[in-house]
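To start, the structure under review is shown below, and the notes come after it.
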Amino acid sequence: MKKVAQKQNKKKSKLIEKIKKHKKIIVMFLLLCGLIYIVYSVVNLIKNPADTVYVEMGHIEEEETAIGYVIRDEAVLKGENYKNGIEQKKTEGEKVAKGEAIFRYYSNDEENLVEKIQALDAKIDEAMLAENPLSSDAKVLEEQIDSKINELYEENNLKIIQEYKQEISSNMTKKAKIAGEQSPAGSYLKKLIDERKEYENKLNSGTEYINATRSGVVSYRVDGYEDVLTVDDLSKYNKEFLESLKLKTGQIIPSSSESGKIIDNYYCYIVTVLDSSYAKDVEVGDEVKLRLPSGQEVKATIEYKIVEDDNYTITFKIEKGVEELISYRKISFSIIWWSESGLKVPNTALQKEKNDENEISYVTRTRIGYEDKILVKVLKANEKYSIVTNYTTEELLEIGYSSAEIRNFPNITIYDEILIY
10 MKKVAQKQNK KKSKLIEKIK KHKKIIVMFL LLCGLIYIVY SVVNLIKNPA DTVYVEMGHI
70 EEEETAIGYV IRDEAVLKGE NYKNGIEQKK TEGEKVAKGE AIFRYYSNDE ENLVEKIQAL
130 DAKIDEAMLA ENPLSSDAKV LEEQIDSKIN ELYEENNLKI IQEYKQEISS NMTKKAKIAG
190 EQSPAGSYLK KLIDERKEYE NKLNSGTEYI NATRSGVVSY RVDGYEDVLT VDDLSKYNKE
250 FLESLKLKTG QIIPSSSESG KIIDNYYCYI VTVLDSSYAK DVEVGDEVKL RLPSGQEVKA
310 TIEYKIVEDD NYTITFKIEK GVEELISYRK ISFSIIWWSE SGLKVPNTAL QKEKNDENEI
370 SYVTRTRIGY EDKILVKVLK ANEKYSIVTN YTTEELLEIG YSSAEIRNFP NITIYDEILI
430 Y
């Protein structure tokens, strides 16, 4: 038994040694594979040092987000009966000509007068029903009244609603007069009509209408800053003045029940305080683009600039998108300092070479295994991309290249495959 056990132990030892030997071989094999892969990658990187990308048509721009204060040319309209409340004749944002009625103030005791007129209308209708059948003229008026009442329920435009109401009232009065004239006992009906007319005259005589003092856009968003943020003196809008206003960005101006205003919709200003290099370099008269809160892009002119230490208060003038800003005093917007379109390449594809004292940009084009160096002129660049074009022969001669060299220079075109590093 002892000998049998010894033989078994020897077999186990040999098996363990065999397994260990196999493990070493496997580990050595894996290490060799790893080394081969590393060598292959290095060699491949030396032969092919970069990925490639295709040249495409594109657009780049330099944009800066800012907070701006809206300065408008606006005139507040306010009458003597402002405490009575207003009835709008022109809706918010509607264009008007000078002299047009914008809104009216309710007359004193208007609610009571309206109730009396409505009660008389009911009595007039009742009296007309008791008289002879309506004439053809009265029936036509009745049909017109019913038609306008039905249309009134479907209408949302305040201006049209007011017109319908006036037309209905006028037709009801005409109908009542016709019925009264044709009635044998028309004195009672005439008395009701005269009484209604008396109340209507009182109502109209106590009404104060406010007319447009000039042409422009109507707004009822009056907040008291109309006499503070004016267009007559742009030099006063420095950083300290703007911050003292304590306005909230994006806050909508509430509608007033006491007054309205006319706004010049042909232009407005946006004033902002910046500290960027672009704001430092820009000058009065320069043109840029602004992206308004809605996303609309509009052209803008630098109208005024104030330099205070490292801050630059700039006033932009815009002539489009003015109506969009009526509801705001302070907005978030973007300044597009420049934009460029053309052949777009990654900045990682651009390399430099020296020619005399000039540093020239170029890209490397790869085509069926061959590589060409193409000189390119960078028109504009941001952090990631550049818009490039080909040099003209005259430009290359000025840089210092010879005519013989220029003849062999290839041009960059759309869909060229270029290396990026």
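Here the sequence shown stands for residues 10 to 430, numbered as in this note's numbering.
Even glycine gets a Cβ: it sits at the ideal position worked out from N, Cα and C.
### Query
Can you tell which of ASP365, ILE271, THR74 and ASN391 has the C-alpha that lies nearest to the C-alpha of ILE111?
Residue 111 sits at position 102 when you count from the first residue of the sequence shown. The residue with the shortest Cα to Cα distance from ILE111 is ILE271.
#### Entry: Secondary structure of ILE423, DSSP reduced to three states
Here the question's residue 423 lines up with position 414 in the sequence shown. Looking at ILE423 - three-state DSSP - the assignment turns out to be coil, as it is neither helix nor strand.
### Query
From ALA194 to ILE95, what does the alpha carbon distance come to, in whole angstroms?
Translated into the one-based positions of the sequence shown, residue 194 becomes position 185. Translated into the one-based positions of the sequence shown, residue 95 becomes position 86. Bear in mind that the predicted position of ALA194 carries a pLDDT of just 48, short of 50, making it unreliable; the figure below should be weighed with that in mind. The alpha-carbon atoms of ALA194 and ILE95 are separated by roughly 41 angstroms.
### Task
Would you check if there are 3 or more beta carbon pairs closer than 8 angstroms linking the region 75-92 to the region 345-355?
no
#### Entry: Whole-angstrom distance between GLY269 and VAL240, CA atom to CA atom
Sequence index remark: in the sequence shown, residue 240 carries index 231 (1-based). Sequence index remark: in the sequence shown, residue 269 carries index 260 (1-based). So the two alpha carbons sit approximately 19 angstroms from each other.
#### Entry: Burial state of GLY225, where buried means 16 or more other Cβ atoms lie within 10 Å
For the purposes of this step, residue 225 is taken as residue 216 along the sequence shown, with counting starting at 1. Flag for GLY225 reads buried.
### Task
Whole angstroms is fine: what's the gap from HIS3's alpha carbon to SER228's?
Nothing in the structure corresponds to residue 3, since the chain is present only between 10 and 430.
### Task
For the alpha helix (DSSP H) containing GLU217, list its first residue and its last residue.
Stepping through the sequence shown from its first residue, residue 217 is reached at position 208. Taken as a continuous stretch (DSSP letters only), GLU217 belongs to no alpha helix (DSSP H), being part of the beta strand (DSSP E) at 217-220.
### Query
What residues are listed by DSSP as bridge partners for TYR337?
Sequence index remark: in the sequence shown, residue 337 carries index 328 (1-based). In the DSSP output, where bridge partners are listed per residue, TYR337 has ILE261.
### Message
Within 10 Å of its beta-carbon, does ARG416 have 16 or more other beta-carbons around it, so buried, or fewer, so exposed?
### Response
For this step, residue 416 is matched to residue 407 along the sequence shown. Result: exposed.
### Query
Which partner residues of TYR394 appear in the DSSP bridge assignment?
Here residue 394 is taken as the residue at index 385 of the sequence shown, counted from 1. Partner(s): PRO355.
### Query
For ALA106, is the classification buried or exposed, using 16 other Cβ atoms within 10 angstroms of its Cβ as the cut-off for buried?
On the sequence shown, residue 106 is found 97 positions in, with the first residue counted as 1. It counts as exposed.
#### Entry: Distance CB(LYS326)-CB(GLU312) smaller than 8 angstroms
Here residue 326 refers to the residue found at position 317 of the sequence shown. Here residue 312 refers to the residue found at position 303 of the sequence shown. Going by C-beta atoms, LYS326 is nearer than 8 angstroms to GLU312.
### Query
In chain order, what residues of the same chain have a beta carbon less than 7 angstroms from the beta carbon of THR402, not counting five sequence neighbours either side?
Position 393 of the sequence shown holds residue 402. Cβ neighbours of THR402 beyond the five flanking positions: ILE415.
### Message
Does the distance between the C-beta of ASP295 and the nearest non-hydrogen atom of the ligand HEM fall short of 7 angstroms?
### Response
In terms of ligand content, the structure shown is empty, and the ligand HEM therefore cannot be addressed.
### Task
Specify, as a first and last residue, the run of the alpha helix (DSSP H) that THR100 falls within.
In the sequence shown, the residue the question calls residue 100 occupies position 91. Per DSSP, THR100 belongs to no alpha helix (DSSP H) and is neither H nor E.
#### Entry: Bridge partner(s) assigned by DSSP for TRP347
Within the sequence shown, the letter at position 338 stands for residue 347. Paired residues: GLU71.
### Query
Along the chain, which unbroken stretches of the alpha helix (DSSP H) at least 4 residues long are found entirely within the region 257-316?
286-290
### Task
To the nearest angstrom, report how far apart GLU366 and ALA390 are at their CA atoms.
The residue you call residue 366 lines up with position 357 of the sequence shown. The residue you call residue 390 lines up with position 381 of the sequence shown. About 22 angstroms.
### Query
Are THR324 and ILE76 closer than 8 angstroms when you measure CB to CB?
In the sequence shown, residue 324 corresponds to position 315, counting from 1. In the sequence shown, residue 76 corresponds to position 67, counting from 1. The answer is no: Cβ separation not under 8 angstroms.
### Query
First and last residue of the alpha helix (DSSP H) that includes LYS329?
Counting from one through the sequence shown, the residue named residue 329 turns up at place 320. Taken as a continuous stretch (DSSP letters only), LYS329 belongs to no alpha helix (DSSP H), as it is neither H nor E.
### Query
Among residues of its own chain, excluding the 5 on either side of LEU7, which ones have a beta-carbon nearer than 6 angstroms to its beta-carbon?
Because the chain in this structure spans residues 10 to 430, residue 7 falls outside the shown range and cannot be described.
### Message
Beta-carbon within less than 8 angstroms of MET434's beta-carbon, same chain only, minus the 5 sequence neighbours each way: which residues are those?
### Response
In the structure displayed, the chain extends from 10 to 430; residue 434 sits before or after that span and is not available.
### Under the three-state DSSP convention, the category SER411 falls into
Taking the sequence shown and counting its residues from 1, one reaches residue 411 at position 402. Coil.
### Task
Just grab the DSSP bridge partners of THR61 for me.
Translated into the one-based positions of the sequence shown, residue 61 becomes position 52. Paired residues: LEU428.
### Message
Can you list, in chain order, the residues of its chain with a C-beta nearer than 6 angstroms to that of ILE340? Leave out the 5 residues immediately preceding and following it.
### Response
Looking up residue 340 in the sequence shown gives position 331. Correct list, in chain order: GLY77 and PRO302.
### Message
Can you tell me whether ARG223 is helix, strand or coil according to DSSP?
### Response
On the sequence shown, position 214 is the one that residue 223 refers to. In the structure shown, ARG223 sits in coil (DSSP, three-state: anything other than H, G, I, E or B).
### Message
For the alpha helix (DSSP H) containing GLU252, name the first residue and the last one.
### Response
Indexing the sequence shown from 1 puts residue 252 at position 243. 248-253 is the span of the alpha helix (DSSP H), which, as asked, contains GLU252.
### Query
Taking SER395 as the reference, which of PRO355, ARG338 and ASP318 has the closest Cα?
Residue 395 sits at position 386 when you count from the first residue of the sequence shown. SER395 has its Cα closest to that of PRO355, out of PRO355, ARG338 and ASP318.
### Query
How many Å lie between ASP236 and ILE315 at the Cα?
Here residue 236 is taken as the residue at index 227 of the sequence shown, counted from 1. Here residue 315 is taken as the residue at index 306 of the sequence shown, counted from 1. So the two alpha carbons sit approximately 22 angstroms from each other.
### Task
Report yes if the CB atom of ARG113 is closer than 8 angstroms to the CB atom of THR222, and no otherwise.
Position 104 of the sequence shown, counted from the first residue, corresponds to residue 113. Position 213 of the sequence shown, counted from the first residue, corresponds to residue 222. Taking 8 angstroms as the Cβ cut-off, ARG113 and THR222 do not qualify as a contacting pair.
### Task
Please name the residue, chosen from ILE408, VAL387 and GLY378, that lies closest to THR398 on a Cα-to-Cα basis.
As a working note, residue 398 is residue 389 in the sequence shown. Selected option, being the one with the closest Cα: VAL387.
### Task
Mind checking which residues open and close the beta strand (DSSP E) that includes TYR114?
For the purposes of this step, residue 114 is taken as the residue at position 105 of the sequence shown. Segment 110-114, the beta strand (DSSP E) holding TYR114.
### Reference ASN220, options LEU86, LYS329 and LEU299, closest by Cα
Along the sequence shown, read from residue 1 onward, the residue named residue 220 stands at position 211. Ranking the options by Cα distance to ASN220, first place goes to LEU86.
### Message
Cutting at 7 angstroms between CB atoms, please list the residues of its own chain near SER336, excluding the five before and the five after it.
### Response
Residue numbering aside, residue 336 sits at position 327 when the sequence shown is read from its first letter. Counting only Cβ-Cβ distances below 7 angstroms, and skipping sequence neighbours, we find ARG230, ILE261 and ILE262.
### Message
Using a Cβ-Cβ cutoff of less than 8 angstroms, which residues in the same chain neighbour VAL51 once the five nearest sequence positions on both sides are dropped?
### Response
Counting from one through the sequence shown, the residue named residue 51 turns up at place 42. Note that VAL51 has pLDDT 49, beneath the 50 cutoff, so the model's placement of it is unreliable and no number is given.
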